[in-house]
Amino acid sequence: ETGVTQTPRHLVMGMTNKKSLKCEQHLGHNAMYWYKQSAKKPLELMFVYNFKEQTENNSVPSRFSPECPNSSHLFLHLHTLQPEDSALYLCASSQDDSSRYYGYTFGSGTRLTVV
Amino acid sequence: DQQVKQNSPSLSVQEGRISILNCDYTNSMFDYFLWYKKYPAEGPTFLISISSIKDKNEDGRFTVFLNKSAKHLSLHIVPSQPGDSAVYFCAAEITGTASKLTFGTGTRLQVTL
């Protein structure tokens, strides 16, 4: 258990479905992130939240909608996804929006398959 | 355009020997570098980091070397152990900006008996 919990671990959804990914951390961190890992590609930053405020949206399509109700919880709402959105979605947190001293703590990820 | 590159997708090393994982970067503004380790079905875990003001950082069996002029860093694992078998990601960032780690594609290390 890394301190960052992601649910569900696996998700299969149709292109017309709406689903949500959940991330929870109780490490006292103030920054939370969503990353996408596709096969043979680097981890891609999607969103950054610092003290519940979104500070980064890395040109992510609107079919991905993040929500951060408090510093401990982060959601990624999904709707009308495409098969190419199938990937491992990783949540991470850090003390603040700087990784340099402690690094990020990652969750185990949600393996998403869009059919 | 990939700013952080790990050109070796995989590496196999015998137990007890040295593992050397390489990483190249193109953005000269990067001034902090990190290595993450990832086991299957788990998220990446922070392993070791180095600031651009240093050329070496050591933590037990793990040492990271930075060559700024060549824009190259490497992770040395000595001695390699079977439990080190994992995917290793190199990452870089620019301090003073809202943290935005740029990752490489990873190198899969297999330590054989």
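Going down the list, the sequences are from chains L and E. Read left to right, the first sequence gives residues 1 to 115 (my numbering). Read left to right, the second sequence gives residues 1001 to 1113 (my numbering). We put the beta carbon where it would ideally sit given N, CA and C, even for glycine.
Considering only the alpha carbon of each residue, which of the options lies closest to residue i?
| i | options | result |
| --- | --- | --- |
| residue 4 of chain L | E/1023, E/1019, E/1045 and E/1003 | E/1045 |
| residue 92 of chain L | L/105, L/110 and L/24 | L/105 |
| residue 1035 of chain E | E/1110, E/1042 and E/1057 | E/1057 |
| residue 61 of chain L | L/30, L/46 and L/16 | L/46 |
| residue 1023 of chain E | E/1080, E/1077, E/1003 and E/1081 | E/1003 |
| residue 6 of chain L | E/1105, E/1043, E/1011 and E/1049 | E/1043 |
Following the continuous beta strand (DSSP E) through residue i, name the residue where it begins and the one where it ends.
| i | result |
| --- | --- |
| residue 48 of chain L | 44-50 |
| residue 67 of chain L | 64-70 |
| residue 33 of chain L | 31-37 |
| residue 1010 of chain E | 1010-1014 |
| residue 114 of chain L | 110-114 |
| residue 1112 of chain E | 1107-1112 |
| residue 1024 of chain E | 1019-1025 |
| residue 13 of chain L | 10-13 |
Measuring only the C-alpha atoms, how far is residue i from residue j?
| i | j | result |
| --- | --- | --- |
| residue 103 of chain L | residue 12 of chain L | 31 Å |
| residue 43 of chain L | residue 1008 of chain E | 16 Å |
| residue 21 of chain L | residue 8 of chain L | 7 Å |
| residue 114 of chain L | residue 37 of chain L | 15 Å |
| residue 1087 of chain E | residue 1077 of chain E | 13 Å |
| residue 1051 of chain E | residue 18 of chain L | 43 Å |
| residue 1110 of chain E | residue 1017 of chain E | 12 Å |
Give the DSSP-derived three-state secondary structure of residue i in the structure shown.
| i | result |
| --- | --- |
| residue 96 of chain L | coil |
| residue 84 of chain L | helix |
| residue 1045 of chain E | strand |
| residue 60 of chain L | coil |
| residue 20 of chain L | strand |
| residue 1034 of chain E | strand |
| residue 89 of chain L | strand |
Complete beta strand (DSSP E) runs within the segment 1049-1083 of chain E (minimum length 3 residues, chain order) | Whole beta strand (DSSP E) segments, 3+ residues: 1056-1059, 1062-1067 and 1072-1077.
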